[in-house]
Every structure is written in C-alpha cells, then in structure tokens.
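Numbered by my numbering, the letters in the sequence shown go through residues 8 to 375 in order.
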Amino acid sequence: MRNPQSAIRNERNIGIDLLKIISMLMIIILHLEGHGGLLASVKYDQNNLFFSNYSLAWLLEILAFGAVNCYAIASGYLSWNSQQSYAKLAYFWLQILFYSLIITFLFSLYHNISIKEWISSFFPITHRKYWYASAYFGLFLLMPILNIYLQKVNKNALKVNLIVMLVLIVILPTYFKKDPYIVSNGYSVLWLGLMYLVGGYLAKFGINLKKEYAISLFIFFSILTWLNKIVVEYFNNAYAMKIEMINLISYTSPTIVFAALCLVIFCTQIKIASEKLAKLIILFSSASFGVYLIHEHNLVRSNFIVGISKTFAQDNVLLMLIKIIGIALLIFILCALIDIQREKLFKKLGVLDKLRKIEQRFKQYLQS
C-alpha cells in the first residue's frame, strides 16, 4: 500500500504550513494561560471534577502543550534533505534582531529602558531573549551534521536509534524524574535536535498512519495526560492519599511527544483544494515565527500578556474558553499582519538577496 506521506514529498506540503499556524496558536494559548495567570487563578473543584474551570483550563493547556515539539518535528520534516544556508541563518538572526530592537525602541519612547535591557536587545540570541530562537539557532548550526546522518542512515538503523533515544531521554527520565542528559524539560538544543531527527524520519520513511487515526491518537494522548493529573489530584484531595504524580505535562513527556507526532502526521495528510485558501495559509504560516517574536518579547509580555487572563477564572467555563481562544486568535492575526509588512520591507530592501551574495562570495573565497 502506498505510504500516505510519499506522494507529497516533492511538492509543498500545505499541511505543514497549516501545522505552523496551529502550533503558534497553541503557543499563544500556553502563554495566555501561563503568563496570563489563568492557571494560577483557577481553583480546584472536587465537586465538578471534569468540567470545572480548573479541569478544562488544564485540558486546553495540555492540548496545546506539544506545540514546540510540533515546530521542531516540522523543521526536520522540511529540512532533512536540504543544504546548509548561512544566508538563511543570517536572515533568521536579522529577523530576531529587528523585533528585539524595534520593540525595545518603541517602549523607550514612553518608559525608561535600562542599559541591561538594551544590551540584551542588541544580543537577543546570546541573552536568550527568546529561548526558542536561541535554541533553534543552535539547532541550525547542527543541521548539516544531522542532515548528513539522516540522508545516509537506513530505515532500521534510524528507527532503532530513535527508539533508544526516546527510551533513554523521554520515558526513563520522566518516570524517575531525572534529567541525566540535561535536556532541561525540552528547553534545549539537544531536545530540538531529537525532535528534528523524528521529523526527518517521518519525511524520509513515513509512518503508515491514516489521518483519522492520527488525530484520534493526538486526542487520546492529550486526554491521558490530563486524566493523569485530574484523577491523581482527586484521590489525593478526596481521600487524603499521597499518590506521587508522574509529571506528563512537559515537552519531554512521552504522552506529549506522541501527541505532537500524531498531530504532525495528521497535518501532513491534509489537502487544500482551494488555491486562494492555500496561498492564505502559506502567507500566515510564513509570518508565524514573527508572531512569536512580537508577542513573546519580554516588554510586550510584561506589559500586555502578564495577568491578562486572571479574571477569566471567575467566568463560566464556556466564556473562559472563548476568551482564551479568541484572544489567541486576535494576537496571532495582529502580529501576523505586522510581520507580513516586515517581510515586505525586507524584500524591498533585498535583504535575503544581499545575504546570499555575501554567502556566495564567502564560499568562493574559501575555495580559492
């Protein structure tokens, strides 16, 4: 039987573009619930175990938690067979620097900005102004090595290596609550590299899983993660038991990893018949990283995101969910529209073309 992924390897996979949009919306939801204060404000309700604000806020959190893994898997899926481009790396860095400086400058017009803040704005990667951008920058430097491995390794060898790494880095550390390989709960280059390899495997060899089963498994692993939290808390509160909970709400949790992988598999099989819709998806997908850079800038976060959802805990469940999802959509659209204009500016200035010329001259110099 023909692998469902194989037919789309040589053309643009709109499903991956859609995945980037979905993943960024998930990331915004995580920030609204975490930085926004909702999770800290909702109160445990033993009498309304599965449908309280507390339970459903955590369910939404868990459904969104695999977003970072999705992004890293998608990177491996798209880039495993490509050549290293330092022009693209420089462009990536300039995009980060652009928002880091512009946003800091705009805030400096109305607020006093410390010298320390300005320094971190000029060096956003080294100062981890955006943790994911810093980690991904490191991953980018490792991509040539990872790609050579992915391009040369056979299916069985890669499968065995991934299984061993998932057992040693994901399953056992989660169970024993240790971090022997310093993956820092997924906030590291090493973790993104592992997810990159998973994405490379998916693109090169495929996983024979129909999209209906893939989305069902995504829901299953998410609900399993949620039940692990809710049920254990119920017994500990209702019967004064002291059950030690295994923390499955982590980037490196096996259930979160498998949920993310299933969501990626589902999205790779999505077909978009409408050309106009496909172009719109590609447009907003290309702006998704800009959405992250704008709304997660520390000055934007501290002034607009922190505390925004505290009062949502007092709403009824439906209104609470509508507010979180609605604000996430609004943030995504506004930030995406800004980044689309930034992209137009960079194109008008010929930023990428100039970087490619510099890269070409540098390569010629090395070969001379």
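C-beta: ideal position from N, C-alpha, C; glycine also.
In this structure, does DSSP put residue i in helix, strand or coil?
{"i": "residue 243", "result": "helix"}
{"i": "residue 249", "result": "coil"}
{"i": "residue 276", "result": "coil"}
{"i": "residue 192", "result": "helix"}
{"i": "residue 134", "result": "coil"}
{"i": "residue 156", "result": "helix"}
{"i": "residue 216", "result": "coil"}
{"i": "residue 12", "result": "At residue 12, the pLDDT of 41 sits below 50, so the modelled position is not reliable; the number obtained from the coordinates is stated separately. Here residue 12 sits in coil by DSSP."}
{"i": "residue 294", "result": "coil"}
{"i": "residue 254", "result": "coil"}
{"i": "residue 17", "result": "Because the pLDDT at residue 17 is just 42, under 50, the model does not fix this residue reliably, and the point stays unresolved."}
{"i": "residue 259", "result": "coil"}
{"i": "residue 51", "result": "coil"}
{"i": "residue 357", "result": "coil"}
{"i": "residue 180", "result": "helix"}
{"i": "residue 366", "result": "helix"}
{"i": "residue 56", "result": "coil"}
{"i": "residue 302", "result": "helix"}
{"i": "residue 185", "result": "coil"}
{"i": "residue 117", "result": "coil"}
{"i": "residue 42", "result": "coil"}
{"i": "residue 229", "result": "helix"}
{"i": "residue 22", "result": "helix"}
{"i": "residue 333", "result": "helix"}
{"i": "residue 264", "result": "helix"}
{"i": "residue 322", "result": "coil"}
{"i": "residue 205", "result": "helix"}
{"i": "residue 145", "result": "helix"}
List the whole-angstrom C-beta distance separating residue i from residue j, where the pair is believed to meet the contact cut-off of C-beta under 8 Å.
{"i": "residue 21", "j": "residue 288", "result": "6 Å"}
{"i": "residue 146", "j": "residue 199", "result": "5 Å"}
{"i": "residue 101", "j": "residue 128", "result": "Incorrect: roughly 14 Å between the Cβ atoms, too far for contact."}
{"i": "residue 254", "j": "residue 53", "result": "Not confirmed; about 21 Å, so no contact."}
{"i": "residue 28", "j": "residue 292", "result": "6 Å"}
{"i": "residue 88", "j": "residue 158", "result": "6 Å"}
{"i": "residue 297", "j": "residue 346", "result": "3 Å"}
Confirm, please, whether the CB-CB distance from residue j to residue i is below 8 Å.
{"i": "residue 105", "j": "residue 349", "result": "yes"}
{"i": "residue 317", "j": "residue 45", "result": "yes"}
{"i": "residue 264", "j": "residue 177", "result": "yes"}
{"i": "residue 259", "j": "residue 190", "result": "yes"}
{"i": "residue 210", "j": "residue 84", "result": "yes"}
{"i": "residue 252", "j": "residue 239", "result": "yes"}
{"i": "residue 299", "j": "residue 139", "result": "yes"}
{"i": "residue 142", "j": "residue 61", "result": "no"}
{"i": "residue 203", "j": "residue 169", "result": "no"}
{"i": "residue 71", "j": "residue 49", "result": "no"}
{"i": "residue 276", "j": "residue 370", "result": "no"}
{"i": "residue 77", "j": "residue 149", "result": "no"}
{"i": "residue 273", "j": "residue 31", "result": "no"}
{"i": "residue 114", "j": "residue 328", "result": "no"}
{"i": "residue 134", "j": "residue 313", "result": "no"}
{"i": "residue 224", "j": "residue 269", "result": "yes"}
{"i": "residue 98", "j": "residue 303", "result": "no"}
{"i": "residue 335", "j": "residue 66", "result": "no"}
{"i": "residue 324", "j": "residue 58", "result": "yes"}
{"i": "residue 81", "j": "residue 23", "result": "yes"}
{"i": "residue 93", "j": "residue 366", "result": "yes"}
{"i": "residue 208", "j": "residue 197", "result": "no"}
{"i": "residue 342", "j": "residue 301", "result": "yes"}
{"i": "residue 18", "j": "residue 37", "result": "no"}
{"i": "residue 250", "j": "residue 242", "result": "yes"}
Compute the minimum distance between the beta carbon of residue i and the heavy atoms of the ligand ATP, and state whether it is under 7 Å.
{"i": "residue 370", "result": "Absence of the ligand ATP from the depicted structure is noted, as is the absence of any ligand whatsoever, leaving it without description."}
Checklist entry - If you scan the segment 58 to 104 from start to end, which runs of the alpha helix (DSSP H) of 4 or more residues do you find wholly inside it? => result 60 to 71, 74 to 86
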